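As they're listed, the protein sequences go chains A and B. With full-length UniProt numbering, letter number 92 in the first sequence gets 92, and the count goes up by one each step, no holes. With full-length UniProt numbering, letter number 418 in the second sequence gets 418, and the count goes up by one each step, no holes. Ideal Cβ placement from N, Cα and C applies to all residues, glycine included. Note that the coordinates shown come from a computational prediction; the quantities given were computed from them, not determined experimentally. Contents: one structure, followed by commentary.
Protein chains: 2
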Amino acid sequence: MAAAAAPLRPAEDHVMPPLNATHDPDRRSWVARANDPDCDFPIQNLPWGVFSEADGTRRVGVAIGDQIVDVTALEADGVIEPSPGARVFAQGVLNPFMALGPAAWSATRAMLADLLDARAPTRDVPLVPQAGAEMHLPVFVRSYTDFYASREHATNVGSMFRDPENALMPNWLHVPIGYNGRASSVVVSGTPIRRPLGQVKPPEDSAPQLAPSARLDIELELGAVIGVGNPMGQPVTTAQAYDMIFGHVLLNDWSARDIQVWEYQPLGPFQSKAFGTSISPWIVTCKALAPFRTETPPRELPLLPYLHEDAPNNFDICLEVELAPQGGDPVKISRTNYRHMYYSAAQQLAHHALSGCPMETGDLLGSGTISGPGPGSQGSLLELTWNGRDPIQTRAGPRRFLCDGDSVTLKGWCDGPYRIGFGRCEGTILPALEPARLG
Amino acid sequence: MAAAAAPLRPAEDHVMPPLNATHDPDRRSWVARANDPDCDFPIQNLPWGVFSEADGTRRVGVAIGDQIVDVTALEADGVIEPSPGARVFAQGVLNPFMALGPAAWSATRAMLADLLDARAPTRDVPLVPQAGAEMHLPVFVRSYTDFYASREHATNVGSMFRDPENALMPNWLHVPIGYNGRASSVVVSGTPIRRPLGQVKPPEDSAPQLAPSARLDIELELGAVIGVGNPMGQPVTTAQAYDMIFGHVLLNDWSARDIQVWEYQPLGPFQSKAFGTSISPWIVTCKALAPFRTETPPRELPLLPYLHEDAPNNFDICLEVELAPQGGDPVKISRTNYRHMYYSAAQQLAHHALSGCPMETGDLLGSGTISGPGPGSQGSLLELTWNGRDPIQTRAGPRRFLCDGDSVTLKGWCDGPYRIGFGRCEGTILPALEPARLG
């Protein structure tokens, strides 16, 4: 015992890395659709996912226009080799590639951009149309943590359920509040979500009952995917944390508000958040998001030094939520932006590792519900309808919370000299099981 | 969409399975030490673990007396073959074997007992002395959930921090309260635990500071290891849940009380419980524990039907905690019994899956701190010292919470016609990193 602690790396002056040729706005691809200004996947994006065709074999791919580059095939053919002598894409999941670290991520991104460039000497790259492919979870989600980083969201919830005059908890302006979620119920966009059963206790009743949730909600979030971890007992700086994040996805943390309010004291949400968390299939890399880095909002109180940032670690990402009743057209119910978040993903990650908690390749960090300051910019029905008081109008009538058959789609993109899109994150509500069948 | 829900299996009349030849108290082994009445590992126990010798290769083993049966070698030699045509022990971790399910577990247990029986025709079984082996985590811990099932513990904590007159939260007698813990920081007995840094805010201060935890505590628990899971969207009965549990380990959920009290509202414990959770290396199977099944304590309020049990699902397990200062002899600081727990592991698991949350092979469910009704039967220093008011005496002076160099050991065993022991779960506190080095 009494082994000396491994030294921390000294705090670095983290400057924003310069943009490079992969960010050149004039660059075009020989995949025609990639050059349309409304396309989510231009050559400057190159997000990572996992797909299959009819035979069901999972392969790693990169989206370009309306196509998928079959990266597993590129590696098998020896065209790319991120880890000399090894096949990091052979398992059809991104974890082995992510574990190689930022230098390998950048080098592979640059090589793929060169292969897809309109000026490339050959066009001998295996492509699969997105329209014919099935998408899967891009990573094995090792652990899932959900944060609570929108000041507006925390204030709204505190106003509704505690005290409008003291809506924020005393710790909120100091601590990037988070809790451990349930990794096993993270699913890819398109997976149906079954309305959960649970214990609910209406205020007028003396005892709880077993019932399907009647207050089923969404949470619009961004998910940070951890590429490389830290050893147990070894905290990281915010600059190190930024470099540990491989990329981001859209994330919908489906929530059963009636189950939540009965179960959450004193140890936090549990089964109210365990029945499904949807993520978009394409991981947009921090490298692709680099031109859209922006500061977190001004601090109301000073943060402890371990949360200081030497670079703008938020991103300017437009976000939208659509709700479509069964068989009906969608309506937009929320428009907001990730830049409103009070804590960046790098700050959340640095806080997560502060105790010495080991972070691992494939960890997923939900940002927390993203709510903006204006009307219609909230990321949950709880807030948009003010706990059901002010229903939202849809093509199938008013909505306080979700009905069976409702479909919710999240969209996200960065606007600039080109568009860095996230694609879609969709889920549709299936009816609950019959409680009586639980016997 | 609108796919019909898969039907639940009807509630079964779960009767306790009869004991069999593996429980015969007259059975003896040709491994001499196994026949000593004070030995944790008689032939009726046969707990599972993962070990290595000098070459570091991890192998699956079963403890017998002071020896380990090299089960990986037995499978490689074709002596046992739990999954025809496959090698479930080759990876040096128990997950592939556990995923085979209860019939395979029982058949393999019976076969190993026959090989080790004093009446066995040969003694040609590969053995490794426990004294020369290094033990590892027996399973890849997929997810870790911690519960709060001791009524005495919940009452003590509620009395200290809320209201002695209403110490139990209104939900506690209805809901097996739990929260998601951090799987990545689960370590095997013997791994040192570094005192965590964290945000702490003394009541007299207006802002928090970054500091090493000054209120480092233990939590004496039993951990249930899930062998087989349930599909997403598909709850399970308590009888099904009992059959999904492979076995149990001792578990110490190290806790930083000063970090916890500042961070835990409104989403529960996070970094205060993320720096280390120790488990004992040997998984004692439910099969070995079967003769020690016992009822949960009487219900004060009726439970919802999904939590009903048709069989006694608790266990009568004696538990002890020892504390040894650096270089000093241990003192016993707690003696209690698992049978006091208000909710069984099967009830906790049925509740965990109620929302449709998928449980998976390798999930670990902490029972919650095990505190009994009498003096000295509490499972945390928080309770034993009543939040530091009444220090415990050790050979190195009084203890309110843990000092650097302190070593804590959990022990557990069932007493009957033979002893079913859990071995030891030990951890020693390393000094914290210097906060200034976080930059």
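Check, Outcome
"Is Arg257 (chain A) helix, strand or coil by DSSP?", "helix"
"Does Arg399 (chain B) come out as helix, strand or coil in the three-state DSSP assignment?", "strand"
"Taking 8 Å as the CB-CB limit, is Phe275 (chain A) close to chain B?", "yes"
"Closer than 9 Å by beta-carbon distance: list the chain A residues that pair up with Leu420 (chain B), in chain order.", "The sequence given here has Ile at residue 420 (chain B), not Leu. The contacting residues do not exist; Ile420 (chain B) stays about 31 Å from chain A at best."
"Within this structure, are the beta carbons of Leu323 (chain B) and Thr336 (chain B) separated by less than 8 Å?", "no"
"If I'm right that Gln130 (chain A) touches Ala63 (chain A) with Cβ under 8 Å, what's the distance once you round it to whole angstroms?", "7 Å"
"Compare the C-beta of Arg182 (chain B) with all C-beta atoms of chain A and state if any pair is closer than 8 Å.", "yes"
"To the nearest whole angstrom, what separates the beta carbons of Leu94 (chain B) and Pro138 (chain B), a pair I think is in contact under 8 Å?", "5 Å"
"Count the other CB atoms, across all protein chains shown, that sit within 10 Å of the CB of Ser278 (chain B); report buried if there are 16 or more and exposed otherwise.", "buried"
"Step through the CB atoms of chain B and report whether any lies within less than 8 Å of the CB of Leu216 (chain A).", "no"
"Enumerate in chain order the residues of its own chain whose CB-to-CB distance from Glu426 (chain A) is below 8 Å, with the five nearest sequence positions on each side excluded.", "Ser189, Gly190, Ser278, Ser407, Val408, Thr409 and Leu410"
"I want to verify the contact list: residues of chain A whose CB lies under 9 Å from the CB of Met232 (chain B), in sequence order.", "Ser184, Ser185, Val187, Thr191, Arg194, Phe275 and Gly276"
"When DSSP labels each residue in this structure, what does Leu132 (chain A) get in the three-state scheme?", "The displayed chain sequence assigns Gly, not Leu, to residue 132 (chain A). The answer is helix: DSSP assigns Gly132 (chain A) an H, G or I state."
"Strictly below 8 Å CB to CB, what residues from chain A border Glu360 (chain B)?", "Ser184"
"So which residues of chain A does Gly328 (chain B) contact, with C-beta pairs closer than 8 Å?", "None at all; the shortest Cβ gap to chain A is about 13 Å."
"Among the candidates B:Leu216, B:Pro302 and B:Phe140, whose CA atom is the shortest distance from the CA of Pro208 (chain A)?", "B:Pro302"
"Taking only three categories from DSSP, how would you classify Pro10 (chain B)?", "Note that Pro10 (chain B) scores 33 on pLDDT, short of 50, meaning its location in the model is unreliable and no value can be drawn from it."
"Does any C-beta atom of chain A lie closer than 8 Å to the C-beta of Phe270 (chain B)?", "yes"
"Just how far apart, CA to CA, sit Leu430 (chain B) and Leu216 (chain B)?", "11 Å"
"Which of helix, strand or coil does DSSP assign to Asp70 (chain A)?", "strand"
"Check whether the segment 121-128 of chain A and the segment 343-359 of chain A touch, using three or more Cβ-Cβ pairs below 8 Å as the test.", "no"
"So that I know if they touch, is there some Cβ in chain B lying closer than 8 Å to that of Ile245 (chain A)?", "no"
"Alpha carbon to alpha carbon, how far is Asn314 (chain A) from Val181 (chain A)? Give it in angstroms, no decimals.", "Residue identity check: residue 181 (chain A) is Gly in the sequence provided, not Val. Roughly 23 Å separates the two Cα atoms."
"For the segment 198-214 of chain A, which residues have a beta carbon sitting closer than 9 Å to at least one beta carbon of chain B?", "Gly198, Gln199, Lys201, Ala207, Pro208, Gln209, Leu210 and Ser213"
"Could you tell me which chain B residues have their CB closer than 8 Å to the CB of Ser143 (chain A), listed as they occur along the chain?", "Ser143, Arg182, Ala183 and Ser184"
"Look up Leu46 (chain A) in the DSSP assignment and say whether it is helix, strand or coil.", "coil"
"Can you check whether the C-beta of Gly356 (chain A) is within less than 8 Å of a C-beta belonging to chain B?", "yes"
"Flag this pair as touching only if the segment 20-28 of chain B and the segment 113-122 of chain B have three or more C-beta atom pairs under 8 Å; answer yes or no.", "yes"
"Would you kindly report the start and end of the unbroken alpha helix (DSSP H) that includes Lys287 (chain B)?", "Cys286 to Leu289"
"Could you tell me the boundaries of the beta strand (DSSP E) in which His248 (chain B) lies?", "Ile245 to Asn252"
"I want to see whether chain A comes within less than 8 Å of Gln347 (chain B), judged by CB atoms only; does it?", "no"
"Please classify Ala2 (chain B): does DSSP put it in a helix, a strand, or coil?", "Reliability of the predicted coordinates at Ala2 (chain B) is poor, the pLDDT of 35 falling under 50, and no value is obtained from them."
"So with CB distances below 9 Å, who are the chain B contacts of His174 (chain A)?", "Gln199, Lys201, Ala207, Pro208 and Trp262"
"Under three-state DSSP, which class holds Glu426 (chain A)?", "strand"
"Please report how far the alpha carbon of Asn252 (chain B) lies from the alpha carbon of Asp243 (chain B), in whole angstroms.", "24 Å"
"Would you tell me roughly how many angstroms separate the C-alpha atoms of Pro82 (chain A) and Thr108 (chain A), rounded to the nearest one?", "7 Å"
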